[in-house]
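Structure, as structure tokens:
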Amino acid sequence: MKRLAPAALTAWFICASPAVAWESERLQSPVTVNRFEVRYPELAIFVMPRSPIQVTVAERATLLFMGQHMPAMDAALKAPARPGLEIMEIENEVTGEIARINVFTMVPASAVRNGRLNGYRIGHYPAEPLRGLDIYRPPQGFVEVTEENRDIRVSPNFTLGEFVAKQVSDWPKYVVLRTALLVKLETILEELNASGRPTGSLVIMSGYRTPHYNRAIGNVQYSRHVWGGAADFYIDEAPADGRMDDLNKDGKINKQDARWLANFVNGLSQKGLFGEDVGGIGVYSSTSAHGPFVHVDVRGTRARW
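Quick note: the sequence shown uses this note's numbering, first residue 366, plus one each step.
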């Protein structure tokens with residue numbers, strides 16, 4: 366990691382390990398919302414006001430969204446005009462399954478003034494995207510996070526609040542988050558359990574970082590965290606002590622445990638389980654502030670460190 370943050374910002378590494386059981390339920394018949402195949406009973410998408418939402422199902426299904434019932438087959442919808450959360454429910458008439466899509470309509474980035482959004486310090490995105498790549502252009506919008514909605518599930522095993530930057534501030538806070546990252550984390554969790562490594566959840570040390578916060582902790586300008594497409598995490602099951610478990614069973618907790626986890630994730634990537642959402646995998650050692658951890662992202666190209 367880079368240098369530590371000033372005292373007002375150092376809360377980023379303090380994380381309580383979630384004492385929860387892995388939510389393993391999957392849909393027998395997935396649905397597709399925009400480009401994402403939804404295999405989960407619950408998943409979030411992040412859209413701009415009035416932007417299109419395309420739903421595709423393989424079997425007869427009905428859809429409830431913004432108070433309207435309609436057939437779900439190839440439904441072409443529009444996001445709400447106002448930022449906030451609307452719940453879409455897609456009921457499969459054959460299996461009886463219901464997929465809940467949490468549609469977060471974002472606050473347009475044009476609402477940011479002097480690096481702040483409703484008092485929350487965002488900072489400034491680089492004027493030029495790295496190597497001209499679209500994934501490094503400033504985000505179009507931000508999800509508003511409040512004390513009321515921070516515990517909303519964005520996927521079966523993760524909540525919205527887990528991905529908010531750790532900078533100290535009042536509510537509301539704002540986040541950029543990519544559905545592809547949620548799917549990647551869920552895939553890692555699922556495969557860990559399938560491999561015989563029971564894991565209730567992944568502890569998210571760091572998800573989204575505002576440009577302001579990213580700079581304050583001394584991280585690189587073009588970190589994928591700043592675009593909502595990266596997470597630093599570790600496994601903390603037994604005992605739940607706020608640090609990485611001894612994953613390689615050598616009686617020590619150190620960088621080799623992070624390397625074990627990174628190798629596991631890399632193996633999933635080599636099998637093609639992340640599809641087009643390949644990305645970076647980084648291994649980090651312990652410091653006086655935190656234990657070892659692993660970074661993953663969905664930059665769309667392979668990177669290892």
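Heads up, the beta-carbon is just placed ideally off N, CA and C, and yes, glycines get one too.
Per DSSP, which residues does residue i bridge with? Please list them.
i, result
"F469", "F411, L450"
"G520", "One point to set straight first is that residue 520 is Ser, not Gly, in the sequence displayed. DSSP output for S520 lists F523 as bridge partner(s)."
"H660", "D597, G647"
"A441", "Q419"
"H434", "L429"
"G506", "P473"
"A464", "I455"
"V398", "F401, V420"
"V540", "V508"
"I569", "F598"
"A668", "G645"
"R481", "R478, R486"
Suppose contacts are defined by Cβ-Cβ distances below 7 Å. Is residue i in contact with residue j by that definition?
i, j, result
"V459", "E407", "no"
"T397", "T427", "no"
"A545", "V468", "no"
"E509", "Y539", "yes"
"V643", "R667", "yes"
"G656", "R608", "yes"
"P473", "G506", "yes"
"L542", "G593", "yes"
"K443", "R415", "yes"
"F598", "L567", "yes"
"D535", "T524", "no"
When you compare each of the options to residue i by their alpha carbons, which one comes out closest?
i, options, result
"R669", "A627, S653, A654", "A627"
"Y649", "T544, R502, V661", "V661"
"R404", "L442, I466, L429", "I466"
"M453", "A409, P414, E513", "A409"
"T470", "A476, R486, R447, L482", "R447"
"D601", "R415, S653, I569", "I569"
"Q393", "V412, F629, F411, G461", "G461"
"A623", "G647, P604, E641", "G647"
"N324", "G526, R415, F401, N619", "Examination of residue 324 is not possible in this model, given that the chain is present from 366 through 670 alone."
"A603", "S534, W625, P563", "P563"
"L547", "L554, S520, E556", "S520"
"E390", "T552, G480, P491", "T552"
Which residues in the same chain have their Cβ closer than 7 Å to the Cβ of residue i, if we skip the five residues on either side of it in sequence?
i, result
"D502", "In the sequence as presented, Asp is not what sits at residue 502; that position holds Arg. Taken in chain order, the residues that qualify are P494."
"A476", "L482"
"M366", "Below a pLDDT of 50, predicted positions are generally treated as unreliable, and M366, at 35, falls in that range; no measurement from the model is reported."
"P445", "P414, M431, E451, T470"
Which same chain residues end up closer than 6 Å to residue i when comparing Cβ atoms and leaving out the 5 residues on each side of it in sequence?
i, result
"W387", "N558, G565"
"F639", "K549"
"Y578", "A530, Q532"
"I455", "V396, A426, L428, A437, A464"
"R486", "H577"
Shorter than 6 Å, the distance from the beta carbon of residue i to the closest heavy atom of the ligand FAD, or not?
i, result
"N584", "With respect to the ligand FAD, the structure offers nothing, as it holds no ligand at all."
I'd like the list of long-range same chain contacts for residue i, defined as Cβ closer than 8 Å, with 5 residues on each side in sequence excluded.
i, result
"N619", "S650, S651, P657"
Are at least three pairs of beta-carbons, each pair with one atom in the region 429-447 and one in the region 487-501, less than 8 Å apart? No: fewer than three Cβ pairs fall under 8 Å.
Are the region 612-630 and the region 572-583 in contact at 8 Å, needing three or more beta carbon pairs? A contact between stretches requires three or more CB pairs, one per stretch, nearer than 8 Å, and the region 612-630 fails this requirement with the region 572-583.
With a cut-off of 8 Å, do at least 3 Cβ pairs link the region 630-638 to the region 567-576? With the cut-off at 8 Å, the region 630-638 and the region 567-576 do not touch.
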